[in-house]
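> One structure is given below, represented as structure tokens, and several questions about it will come after.
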DNA sequence: CAGTGTTTTTTCGAGGCTCGAAAAAATGGG
DNA sequence: CCCATTTTTTCGAGCCTCGAAAAAACACTG
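Protein chains in written order, with our numbering: chain W, 1 to 414; chain Z, 1001 to 1414.
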């Protein structure tokens, strides 16, 4: 069942720890790393000199530029930007975006493309991804071997091993093994991740103070998604992907959801749901995709006068509030980030949301629930995706298990 | 943040692993342990001879009595029953139960007592627990030092560190620091755990085949509780206790719940809810405690004729079904164990439950959801509690961190 | 500008742990 | 009674981390 710790694992894990400490902090000194990891100075010294020699880390100026301290000045450690390069692919509704990222997380090159994901056939969709990746590789004048990992983020359900998209609202096709396809095509290890999970990862890197061990990222867009971090770890469902928060049941036998079921949270709070409630089309109306601009107009109208538009946002708030309340019955309250177009309309949503949450088990500790908003999800998803890919490089290439070490490290550490 | 692995941790963890392997399997040989842990024979040999010398393990007959294999016969390892003794305290509605357990998990002595938990004052409740523990200690002719740990299971919300009961339906009092009280009184380290979590722990020990890495234990009793195991670990809320499944919202502004809120699952599926629906008292009726015998009569009536009783169970099933469906939107479907009086009436609950679950996101994979029933929760809770206490002994006393080692191990390893 | 104090980093030997190989132990089969 | 077979122990090698001490690098002082 659980496996014992071998002697070689020790170094591996501690290497990974040093790398992650350097990635997290800005130019930490060896002494600072020793303090945060709890390892001795000698160990940190040994590991970091190894890593510098291998070209993973580099020495840089100390963290505090104006340090007027007495003794020997600290030498800051930083990631070597050229240690590895990764690629991110973000596939969302009618939109495909690719970026080449250096080892420090800086964007080297990028390309974005509109495409009609809903109507494309399977081969065209997969082909579009492959084509854009290939174009970036060629344009950036990069050797295929120069890319260490590819991470693909997609809206919908992915499998446990981050290898395939099982189901997605952006395409009628199911079970597309993107990771295998990309690996076969380019020979580069690839992973497939849920977009909301990547949002959560990005939030943690952006603001580690606020988004620390426990928090929730909710995507308010066409659909409702969620990325959940509990006890410092991404909480993905055991088999498939991130929690399908949007498809928790708000009202049994309630409004028609895009997924074909009834009463889902999304059927009240998704863009299409807000839209059809605002236009008084009824809860049975076929879900339509509404543009971001139209949603902004809708929000403006709702702010202006008390009509069906305002009521639509109220209903959305209510659904989200009861949903979060039920969620908080299971996992204790935590900070929430609202992301996506409708997050820009959170002022319209919040009152009903808070009222609903107060009527639930989560309401007791409503103080610890605070909301933050971020209207633009795409940059967030890409950032998270990049960090995910880089973390894989950190762990798999630069602090690999015994078997992987010789082979992979050899060709990537240049 | 995350802490590096020290060199001493290695032995500690591997010791813990060997102990747990012996506890899990029936008389495993050293070779078998080497296979399951992935450690080398030499390491297992060294660790187990240490443990035998310390009196934690003992050699016994091989696992397969009729082993006619060729070579040197395997020597089975087993736990030394006298290595340590623990105590379990289970506090439930109007009932207090204490047991003394040896290191293998066998019950040495026990005592049970009725008491009126709902009306007792705070001091009386705490005093009753102390008194029954003291009596067991004296009767069993045990030195206080002979008990290594006390584990107390209670219905309700406990704090993260397993030290206090924060809130419970069995008493009006809140924030009772049972662990501190017991430690102060007897000088024995104590922990406080949620009853449903202990049910889940026990199920895992009873049937590791079925209840392995992911499963759900649902308590169908006065209230509705849940113990959730995900990825092989008990999933407790981040701050407080196990998921308050019973207080997820089934119908916004719905039936009156014992917790004062409206529309909770419990307000449809708790004993009192089934009772008041069966007696057609309306969903506003004040919750009353219904005896187990009365519930059994109710179930029998419901089986006999199609009246309000049957409808009450149908409503309970519907609430549980939508609740599980919402849960399965977050954590992928897993086997469910229904425990408690109303689990004996699961035949009445199941049809509506399945129908509801089919209308939710969880319904897609309904194949992987299977139900098992266990009408009697008390033995399960006590078993889980015992295993919890013993696991603590395994990890904290017999495979302790560096600082704890000298002091504690000295007086307990006899 | 040399000496002193302070802090960071490296060096070095000690102690522990796990591992693989070989030896020892324990048994059935011929 | 010896051999084949399997389990368990023994032993030396190789790593890894640690603590202490040394070395390095700078600020401050007079």
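Heads up, the beta-carbon is just placed ideally off N, CA and C, and yes, glycines get one too.
Mind listing, in chain order, the continuous beta strand (DSSP E) runs of no fewer than 3 residues lying wholly within the region 1174-1247 of chain Z?
Whole beta strand (DSSP E) segments, 3+ residues: 1190-1194, 1215-1220 and 1224-1230.
> On the DSSP bridge list, what partners appear for residue 1085 of chain Z?
Note: residue 1085 of chain Z sits in a beta bridge opposite Z:1102 and Z:1147.
> Go ahead and pull the three-state DSSP assignment for residue 43 of chain W.
Helix.
> What residue does the beta strand (DSSP E) around residue 114 of chain W start on, and which one ends it?
Unbroken beta strand (DSSP E) run through residue 114 of chain W: 107-114.
> Taking the beta strand (DSSP E) that residue 1345 of chain Z belongs to, which residues open and close that run?
First-last for residue 1345 of chain Z: undefined, no H or E at that position.
> Let's see if you can read the secondary structure: which residues bound the alpha helix (DSSP H) around residue 1298 of chain Z?
Here the alpha helix (DSSP H) through residue 1298 of chain Z covers 1292-1304.
> Quick check on the DSSP output: the alpha helix (DSSP H) that includes residue 1322 of chain Z runs from which residue to which?
Unbroken alpha helix (DSSP H) run through residue 1322 of chain Z: 1308-1330.
> List the residues of chain W whose Cβ lies closer than 8 angstroms to the Cβ of residue 1252 of chain Z, in chain order.
Simply 250, 251, 318, 322, 356 and 359.
> Assuming residue 415 of chain W and residue 320 of chain W are in contact, meaning their beta carbons sit under 8 angstroms apart, how far apart are those beta carbons, in whole angstroms?
Summary: the structure shown does not reach residue 415 of chain W, with chain W confined to residues 1 through 414, and so no result is reported for it.
> Quick one, which of Z:1123, Z:1363, Z:1118 and Z:1021 has its alpha-carbon nearest residue 1078 of chain Z's?
Minimum Cα distance to residue 1078 of chain Z is reached at Z:1021.
> Below 6 angstroms CB to CB, which residues in the same chain sit around residue 190 of chain W once its five sequence neighbours on both sides are set aside?
Once the five neighbours on either side are set aside, the close Cβ partners of residue 190 of chain W are 150, 179, 182 and 183.
> Can you name the start and end residues of the beta strand (DSSP E) that residue 374 of chain W belongs to?
Its beta strand (DSSP E) spans residues 371-374.
> Based on the DSSP secondary-structure assignment, which residues constitute the bridge partners of residue 167 of chain W?
Paired residue(s): W:157.
> Let me know if residue 370 of chain W comes out buried or exposed under the rule of 16 or more other beta-carbons within 10 Å of its beta-carbon.
Exposed, by the Cβ-count rule.
> Leaving aside the five residues before and after residue 1373 of chain Z along the sequence, list all residues of the same chain whose C-beta is less than 8 angstroms from its C-beta, in chain order.
Once the five neighbours on either side are set aside, the close Cβ partners of residue 1373 of chain Z are 1337, 1338, 1339, 1343, 1344 and 1346.
> Where residue 173 of chain W and residue 167 of chain W are concerned, what is the direct C-alpha to C-alpha distance, given to the nearest angstrom?
The straight-line gap from Cα to Cα measures roughly 7 angstroms.
> For residue 300 of chain W, count neighbouring Cβ atoms within 10 angstroms of its own Cβ and tell me buried if that reaches 16, exposed if not.
By the 10 Å Cβ count, residue 300 of chain W comes out exposed.
> Starting from the C-beta of residue 405 of chain W, find all residues in its chain whose C-beta is less than 6 angstroms away, skip the five residues before and the five after it, and write them out in chain order.
Annotation note: pLDDT 37 at residue 405 of chain W (below 50); position unreliable, coordinate value reported separately. Result list for residue 405 of chain W: empty, nothing under 6 angstroms.
> With 8 angstroms set as the bound, which would you pick, yes or no: does the beta-carbon of residue 1121 of chain Z sit closer than that to a beta-carbon of chain W?
For residue 1121 of chain Z, the answer is no, since every Cβ of chain W falls outside 8 angstroms of its Cβ.
> Nearest CA to the CA of residue 393 of chain W: which residue from W:263, W:235, W:104 and W:197?
Comparing Cα positions, the closest option is W:104.
> Chain Z beta carbons: is any one of them nearer than 8 angstroms to that of residue 405 of chain W?
In this prediction, residue 405 of chain W has a pLDDT of 37, which is less than 50 and means its spatial position is unreliable; what the coordinates show is noted afterwards. Answer no: the Cβ-Cβ gap between residue 405 of chain W and chain Z never drops below 8 angstroms.
> Over what stretch of residues does the alpha helix (DSSP H) that includes residue 395 of chain W continue unbroken?
Looking at the DSSP string, residue 395 of chain W is not in any alpha helix (DSSP H), and its letter there is neither H nor E.
> With a threshold of 8 angstroms between beta carbons, is residue 402 of chain W in contact with chain Z?
Here the model assigns residue 402 of chain W a pLDDT of 49, short of 50, so the residue's position is not dependable and the matter cannot be decided.
> Please name the residue or residues paired with residue 58 of chain W in a DSSP beta bridge.
In the DSSP output, where bridge partners are listed per residue, residue 58 of chain W has W:78.
> Please list, in chain order, all residues of the same chain as residue 126 of chain W whose beta carbon is under 7 angstroms from its beta carbon, the five residues on each side excluded.
Hits under 7 angstroms: 176 and 181.
> Would a check of beta-carbon distances place residue 1243 of chain Z closer than 8 angstroms to chain W?
By this cut-off, residue 1243 of chain Z is an interface position.
> Following the continuous alpha helix (DSSP H) through residue 1337 of chain Z, name the residue where it begins and the one where it ends.
Run containing residue 1337 of chain Z: none in the alpha helix (DSSP H); it sits in the beta strand (DSSP E), 1336-1339.
> Say yes only if the C-beta of residue 1373 of chain Z is nearer than 7 angstroms to one or more non-hydrogen atoms of the ligand ATP, and no if none qualify.
Of ligands this structure carries none, so the ligand ATP is not represented either.
> Can you tell me whether residue 1106 of chain Z is buried or exposed, with buried defined as 16 or more other CB within 10 angstroms of its CB?
With fewer than 16 Cβ atoms within 10 Å of its Cβ, residue 1106 of chain Z is classed as exposed.
> Assuming residue 1294 of chain Z and residue 1302 of chain Z are in contact, meaning their beta carbons sit under 8 angstroms apart, how far apart are those beta carbons, in whole angstroms?
Going by Cβ atoms, the distance from residue 1294 of chain Z to residue 1302 of chain Z rounds to 13 angstroms, so no, they are not a contact pair.
> Could you give the distance in angstroms between the alpha-carbon of residue 354 of chain W and the alpha-carbon of residue 1363 of chain Z?
Straight-line Cα distance between these residues: approximately 30 angstroms.
> Considering only their Cβ atoms, is the gap separating residue 1271 of chain Z from residue 1227 of chain Z smaller than 8 angstroms?
No.
> Can you tell me which of the three DSSP states residue 257 of chain W falls into?
Residue 257 of chain W falls in the coil class under three-state DSSP.
> If the cut is a Cβ gap below 7 angstroms, which residues of chain W does residue 1165 of chain Z touch?
By Cβ distance, chain W contributes nothing, its closest Cβ being about 16 angstroms from residue 1165 of chain Z, past 7 angstroms.
> Residues of chain W with a CB under 7 angstroms from the CB of residue 1325 of chain Z: which are they?
The contacting residues are 249.
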